[in-house]
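Trainee: All residue numbers in the sequence shown are consecutive under my numbering, ending with 247.
Don't be surprised by glycine CBs; every beta carbon is placed ideally from N, CA and C.
Here the structure is a predicted model, which means the values were calculated and not measured.
Got a structure for you, questions after.
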Amino acid sequence: MVCGGSVSRPVFACLGDSITSDQVTGIGTVVARKLDAQLLGNFACGYATCSDWHAGEANFSPISLTVPDNTNTADNVLSNQVRRLLKAITPKGQPVTWRHPLCGETSLTGETGSGLGPAPDIIYIAISTNDGNQPYNLPVDDTDAVLRLPYTMLTRNSMASALRWAIETLQSACPYAQLFVATPLQTWTDLPWMSYETMLVKRNIIVKVCRALGVKVIDSFYESGFSRLIAKDHGEVHPDDGWKENIASFVAARIKASVTL
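Here is the structure:
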């Protein structure tokens, strides 16, 4: 499956957690509006994690093309959002496949496309806030080890592994799409997996993976203006309406400054 090809307005897709998802804050859809883009889909889901769920080395996140209803469950992971995007852009009735330049063809066994729209010109990913919210997906920086592995050996059991899998899958299936990955926003909360220190670990993992893969980073953690001080009175974790617009404007401006169509 080869994707790409722009229409008069750029085609936009986004993936992520509740801050991006229309189930909660919906920043991804606002970004599409500010870009005057055709929205293929906001594939983000509330409670989603970047990494798959696992116990030890055993991955127990099922492959699922059903959209989770804002639930903290093992199927609510970035890899399934990628799969739903690929199904959406595969012509109706055709097998959902993609070919990695180094590792050959992969498919979603038994799945055929829904043909919902053209392939995206721009893909925006903003996820990681929920990683660490239970012991199966604690954020550990194993980026250097992950980057040495072939694509076929990526387990998605860590943030670095899951993010690399998502990026390389999208790059393989949609070679004309321009990818942007955001670092997490700062938060104001007592939840340990959203502490400043833990969110900084997540931010650094994202930056390292994206730099290695040649993907543009939107550094929302440091550059969006949504600091812990601001978060305290403007939503704590989920930005309020005013800051939702501010952050969407920031993201859209970063994309406009870098995108070539």
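1. Could you spell out the range, first to last residue, of the alpha helix (DSSP H) harbouring Tyr208?
2. Tell me where the beta strand (DSSP E) around Ile241 begins and ends.
3. Looking at the secondary structure, which residues open and close the beta strand (DSSP E) in which Leu1 lies?
4. Output needed for Val223: all residues of its chain with C-beta closer than 6 Å, excluding positions within five of it in sequence on either side, in chain order.
5. Using C-beta distances below 6 Å, list every residue in its chain close to Thr6, excluding the 5 sequence neighbours before and after it, in chain order.
6. Can you give me the Cβ contacts of His220 inside the same chain, cut-off strictly under 6 Å, excluding the 5 residues immediately before and after it?
7. To test your reading of the DSSP string, which unbroken alpha helix (DSSP H) runs of 4 or more residues are found completely within the segment 59 to 129?
8. My guess is that Arg69 and Ile49 are in contact by the Cβ rule of under 8 Å, so how many angstroms apart are they, rounded?
9. The alpha helix (DSSP H) that contains Val195, what's its start and end?
10. Using a Cβ-Cβ cut-off of 7 Å (strictly less than) and excluding sequence neighbours within five positions of Thr155, which residues of its own chain qualify?
11. Where in the segment 17 to 43 do unbroken runs of the beta strand (DSSP E), each at least 3 residues long, occur, reported from the N-terminal end onward?
12. Under three-state DSSP, which class holds Val203?
13. What does Gln164 pair with, by DSSP beta-bridge criteria?
14. Give me, in chain order, the residues of the same chain whose beta-carbon lies closer than 8 Å to that of Thr141; leave out the 5 immediate sequence neighbours on both sides.
15. Given Gly79, which residues of its chain have a CB within under 6 Å of its CB, disregarding the five upstream and five downstream residues?
16. For Tyr33 versus Asn56, is the C-beta distance shorter than 8 Å?
17. State the Cα-Cα distance for the pair Ile204 and Phe(-2), rounded to the nearest angstrom.
18. Thinking C-alpha only, which one of Phe236, Arg197 and Ser47 is nearest Leu165?
19. When we look at the beta-carbon of Leu72 and count the other beta-carbons within 10 Å, is it buried (16 or more) or exposed?
Mentor: Based on what the coordinates show:
1. Ser206 to Glu209
2. It is not in any beta strand (DSSP E) - Ile241 instead sits in the alpha helix (DSSP H) that spans Asp227 to Ser244.
3. Val(-3) to Gly2
4. Once the five neighbours on either side are set aside, the close Cβ partners of Val223 are Thr173 and Thr175.
5. Cys0, Ile13, Gly14, Ala30 and Ala112
6. By the criterion of a C-beta distance shorter than 6 Å, His220 is surrounded in its chain by Asp226 and Trp229, once the five residues flanking it on both sides are discounted.
7. 64 to 75
8. 7 Å
9. Tyr182 to Leu199
10. Val68 and Trp84
11. 24 to 28
12. DSSP places Val203 in strand when its eight states are reduced to three.
13. For Gln164, which the question treats as bridged, DSSP gives the partners Ile108.
14. Asp38, His40, Glu43, Asn45 and Ser147
15. Thr98
16. yes
17. Their Cα atoms are separated by approximately 16 Å.
18. Arg197
19. Flag for Leu72 reads buried.
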